[in-house]
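Worksheet: one structure, shown below.
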Amino acid sequence: MSKTVEAYFAAFNAGDIEAMLACVAEDVAHHVNEGQVRRGKAAFGEFCAHMSRCYQEELTDMVIFAAEGGTRAAAEYIVNGTYLATDSGLPEANGQSYRLPAGSFFSLEGDKISRVVTYYNLADWVAQVSR
423 MSKTVEAYFA
433 AFNAGDIEAM
443 LACVAEDVAH
453 HVNEGQVRRG
463 KAAFGEFCAH
473 MSRCYQEELT
483 DMVIFAAEGG
493 TRAAAEYIVN
503 GTYLATDSGL
513 PEANGQSYRL
523 PAGSFFSLEG
533 DKISRVVTYY
543 NLADWVAQVS
553 R
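Numbers 423 to 553, taken from the working numbering, label the letters of the sequence shown in order.
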């Protein structure tokens, strides 16, 4: 199922939220770094739209790992971003750029992602955009 994960990341890099949503299950569980679990495709779509307003990001240096049987996958990558609009509770945005290592873990059911977990070092990001 790494094809589904590859399609998900290609859609992310293209800024294509609809294509990202096509990769996830209706009841997707989204575990975001430093946040609450969001459940369902609608909540995931709202999160993606919010992120697109506040951040412009491209993922590079990606390595995708897939478990035998196709039910789990993981990815390691670099987030290359620009902080576009101030996000609630975070430093003020003024177009700061950042580069941050990150990773994601996935559960898959059939050809859909049923769980997304994303990790990065928030303190590192805050330090980069606060300079």
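All residues carry an ideal CB built from backbone N, CA and C; glycine is no exception. Source: prediction; values computed, not measured.
Return the Cβ separation of Val501 and Leu522 in integer angstroms, given the expectation that the two are a contact with Cβ distance under 8 Å. Right, the Cβ-Cβ distance comes to about 5 Å (below 8 Å), so this counts as a contact.
With distance defined between alpha-carbon atoms, name the residue in Ala495, Glu480 and Leu481 nearest to Tyr487.
In the sequence on display, residue 487 carries Phe and not Tyr. Answer by Cα proximity: Ala495.
Would you say the beta carbon of Arg461 comes nearer than 7 Å to a heavy atom of the ligand COA? The ligand content of the structure shown is nil, which means the ligand COA is not present either.
### Task
Mark His472 as exposed unless 16 or more other C-beta atoms lie within 10 angstroms of its C-beta, in which case mark it buried.
With fewer than 16 neighbouring CB atoms inside 10 Å of its own CB, His472 falls in the exposed class.
If we ignore side chains and look at the alpha-carbon of each, how far apart do Asn455 and Thr426 end up? When the Cα atoms are used, Asn455 and Thr426 turn out to be separated by approximately 22 Å.
Inter-residue spacing [alpha-carbon to alpha-carbon] between Val548 and Pro513: Cα-Cα distance, rounded: 7 Å.
Inspect the beta-carbon positions of Ala451 and Arg461 and report whether they are closer than 8 Å.
Yes, the pair counts as a contact, with Cβ atoms nearer than the cut-off.
Task: Neighbourhood of Ala441 by C-beta, 6 Å cutoff - its chain only, sequence neighbours within 5 removed - done: Excluding positions up to five away in sequence, the list reads Ala433.
Which residue from Glu468, Ala464 and Ser526 puts its Cα closest to that of Tyr430? That would be Ser526, whose Cα lies nearest to the Cα of Tyr430.
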